[in-house]
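To start, the structure itself, in structure tokens.
2 protein chains.
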Amino acid sequence: MNIDIRMAHLFSALNDDQVRQVMESSHTSTLKDSESLFETGDEANRFFLVIGGQIKLFRVSSNGDQKIIDIIQPGNTFAEALMFMEHPIYPVSAEALGPARVISFDNRRFLQILSESIEVCFRIMGTMSQRLRGLVKEIDDLTLQSATTRLCALLLRRMEEVGQMHFTLPAAKGVLAARLSMKPETFSRILQNLSSKKILKTKSNEIEVLDEDTLRSLAHLESIYGLEPEKPCALNGQSISLDLN
Amino acid sequence: MNIDIRMAHLFSALNDDQVRQVMESSHTSTLKDSESLFETGDEANRFFLVIGGQIKLFRVSSNGDQKIIDIIQPGNTFAEALMFMEHPIYPVSAEALGPARVISFDNRRFLQILSESIEVCFRIMGTMSQRLRGLVKEIDDLTLQSATTRLCALLLRRMEEVGQMHFTLPAAKGVLAARLSMKPETFSRILQNLSSKKILKTKSNEIEVLDEDTLRSLAHLESIYGLEPEKPCALNGQSISLDLN
DNA sequence: ATATAAACTTGATCTTGGTCAAATATAAAT
DNA sequence: ATTTATATTTGACCAAGATCAAGTTTATAT
């Protein structure tokens, strides 16, 4: 198995020699479903590249609730930002969502390469910058948007990703619920509600969007037609009442 | 007025010549209370260093609610992470919290210096890494912790910062409420409740902590005495009932 | 195929924090 | 020192989601 790590944005600026160096300190591992990679608080000497399956990053509250911070897809790296800290500690736990494969890299070794390549530094800063932006957006969603809004936004994103009105959910419902910071029951009820409003049809893991416009307005994204009206969306008005009872 | 920008972590690795170069593209401005610096969506060509007062970074929801993402203190920079993006756009709005002074710097110019100094790159990556960590913690707080927990944590942090059981709130109550993602009414009620439980005493803007241990357990931080017990905190049990009614 | 476990759904009820409105308190301005 | 504006507090009520307890479906393993 010979993977070119340059497919990952983070490594894309490396020359052959540098790739060779990085690979020397690397280690590939195969994980079973829900096998743990590291836990919150562990010393962080290595960072990772997902090459198969999905890795979920999460935190657990004192009463056992699990909040999924991110689900890392193949081709993406994670935990690389920690290598610039004095006493790097993983701020989240990581485990496989289904069977998965990851390559891990030694921080120290990579820092050495970094210290010789401004270009790679710039890549990393770009990556971190994007991640920063994503987290700010996430905080926004969590505090300013309702559960329905978040779920609709996720469905819409998935729909556009696939390019079809008919698609399959990108993970188990319970997992998606945790990713959106809501309980599985709430997730289920919102879907049920959207169905009853003829906004979509659901059949186990498959979703078919029937009324894209309404879905879009519920997701607080402007419709494809024209720009935002004065009151950007009807959720708070009476035209669309989405009460859960 | 001659400020050495090297007090800011971000610039600390610059030599005299580099500082001179950066300063050439800089611009100092004085802001009145609640004067705007930039808004969400503006093109981001410059980043900032606060040298006096406070700058609040916030986002506004479609129904007008304001969420304060951060309050930047003197000596700190902000919006520097954007310079690594292709089409940099501020993801938040910024305005002065009371009268303030900031220096702004040109992204392009700074990137040029960066491209000549690995050391400065490393500083930046360190800064970004910390910020990333902070945001993850914030998401954790918002989704896994109650309003009471968040407020107690803030009080405790402030107490430790000042080193006194008796201290003054770091901003107006309404501002702190927004920072903690709660309404002023809720903020007020929680303080009132903590008072009635003899955990603290409040007099307008001043707080005196009476029962540090309980405060600490409410904030979900382990007490100074010993390590965490099996059930780390009593909030969910009956020993401390903190109902708001 | 059938048993067994895990994931999902549904209903009833409860809690946290939000909303609205009125009352005070604090600060700023004349 | 008053007035006036702004910030905070308090009360009554409400709503979005959470919780708990059954069901029901789907997946996995024999």
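Chains as they are written, first to last, in the working numbering: chain A, 1 to 245; chain B, 1001 to 1245.
The C-beta atom is built at its ideal place from N, Cα and C for all residues, glycine as well.
Every value quoted in this text rests on a predicted model; they were computed, and no experiment measured them.
**Study point:** the region 1135-1151 of chain B contacting the region 123-140 of chain A, beta-carbon criterion three pairs below 8 Å
**Key:** yes
Exercise for review: Please confirm whether F47 (chain A) and E80 (chain A) have their CB atoms less than 8 Å apart.
Suggested key: yes
Point to revise | 6 Å Cβ shell around I1128 (chain B) - same chain, five flanking residues per side excluded | key: Checking the sequence shown, residue 1128 (chain B) turns out to be Met, not Ile. Within the same chain, M1128 (chain B) has close Cβ partners A1081.
Check your understanding: What are the partner residues of I89 (chain A), as DSSP defines its beta bridges?
Key -> A:E43
Check your understanding: What do you get for I1224 (chain B), buried or exposed, if any count of 16 or more other CB atoms within 10 angstroms of its CB means buried?
Key -> For I1224 (chain B), the pLDDT reaches just 35, beneath the cut-off of 50, and the residue's location in the model is therefore unreliable, leaving the point undetermined.
**Study point:** Neighbour-count burial assignment, K1183 (chain B), 16 or more Cβ in a 10 Å radius
**Key:** exposed
Review point. So which residues on chain B does T77 (chain A) lean against when the C-beta distance must stay under 7 Å?
Key: Near T77 (chain A) there are no residues of chain B at all, since even the closest Cβ is about 13 Å away, more than 7 Å.
Check your understanding: How would you list, in chain order, the residues of chain A whose beta-carbon sits under 8 Å from the beta-carbon of K1067 (chain B)?
Key -> I139, D140, T143 and L144
Point to revise | Buried or exposed (CB count within 10 angstroms, at least 16 for buried), H1220 (chain B) | key: buried
Exercise for review: Could you tell me the distance, in whole angstroms, from the CA atom of R1101 (chain B) to the CA atom of T1030 (chain B)?
Suggested key: 5 Å
Practice item. Using alpha carbons as the reference points, say which of A:E86, A:Y90 and A:H9 lies closest to I69 (chain A). Key: A:Y90
Review point. Under 8 Å Cβ-Cβ, which residues of chain B neighbour G126 (chain A)?
Key: F1084 and M1085
Check your understanding: Is it true that the region 1040-1056 of chain B meets the region 1105-1121 of chain B, where meeting means three or more beta-carbon pairs spaced less than 8 Å apart?
Key -> yes
Check your understanding: Short check: CB of I199 (chain A) to CB of T214 (chain A), under 8 Å?
Key -> yes
Review point. Residues bridged to P201 (chain A) by DSSP?
Key: Note on identity: in this sequence residue 201 (chain A) is Lys, with Pro being the wrong assignment. According to DSSP, K201 (chain A) bridges with A:E208.
Check your understanding: Could you give the C-beta distance for V92 (chain A) and T40 (chain A), rounded to a whole number, given that I count them as a contact under 8 Å?
Key -> 6 Å
Review point. Between the region 147-159 of chain A and the region 1152-1166 of chain B, do at least 3 Cβ pairs fall closer than 8 Å?
Key: no
Check your understanding: Which full runs of the beta strand (DSSP E) of 3+ residues lie inside the region 1129-1197 of chain B, going along the chain?
Key -> 1166-1168
Exercise for review: Using a Cβ-Cβ cut-off of less than 8 Å, list which residues of the region 91-102 of chain A approach chain B; keep chain order.
Suggested key: P91 and V92
**Study point:** Rounded straight-line distance, which links the Cα of R1020 (chain B) to that of F110 (chain A)
**Key:** 32 Å
Point to revise | Collapsed DSSP secondary structure at I224 (chain A) in the structure displayed | key: Because I224 (chain A) carries a pLDDT of 34, less than 50, the predicted location of this residue cannot be relied on, and the following value inherits that uncertainty. If DSSP states are grouped into helix, strand and coil, I224 (chain A) belongs with coil.
Review point. For S217 (chain A), does the three-state DSSP call read helix, strand or coil?
Key: helix
Practice item. Would you tell me roughly how many angstroms separate the C-alpha atoms of I1071 (chain B) and L1057 (chain B), rounded to the nearest one? Key: 6 Å
Practice item. Could you tell me the distance, in whole angstroms, from the CA atom of K1032 (chain B) to the CA atom of I55 (chain A)? Key: 47 Å
Review point. Taking C-beta to C-beta, are G1075 (chain B) and M1023 (chain B) nearer than 8 Å?
Key: no
Practice item. Check whether the Cβ of F58 (chain A) lies closer than 8 Å to any Cβ atom in chain B. Key: no
Practice item. Check the Cβ-Cβ distances between R133 (chain A) and every residue of chain B, and say whether any is below 8 Å. Key: yes
Check your understanding: When DSSP labels each residue in this structure, what does A81 (chain A) get in the three-state scheme?
Key -> helix
Point to revise | Reduced DSSP secondary structure (H/G/I, E/B, other) of D1016 (chain B) | key: helix
Point to revise | chain B contacts from the region 153-183 of chain A (Cβ-Cβ distance under 9 Å) | key: S181
Exercise for review: Can you pull the chain A residues whose beta carbon is under 7 Å from the beta carbon of F1122 (chain B), in chain order?
Suggested key: F84
Practice item. Name the residue from A:Q66, A:G53, A:S62 and A:N63 whose alpha carbon lies nearest to the alpha carbon of Q73 (chain A). Key: A:G53
Practice item. Kindly indicate the opening and closing residues of the beta strand (DSSP E) around I1071 (chain B). Key: Q1066 to I1072
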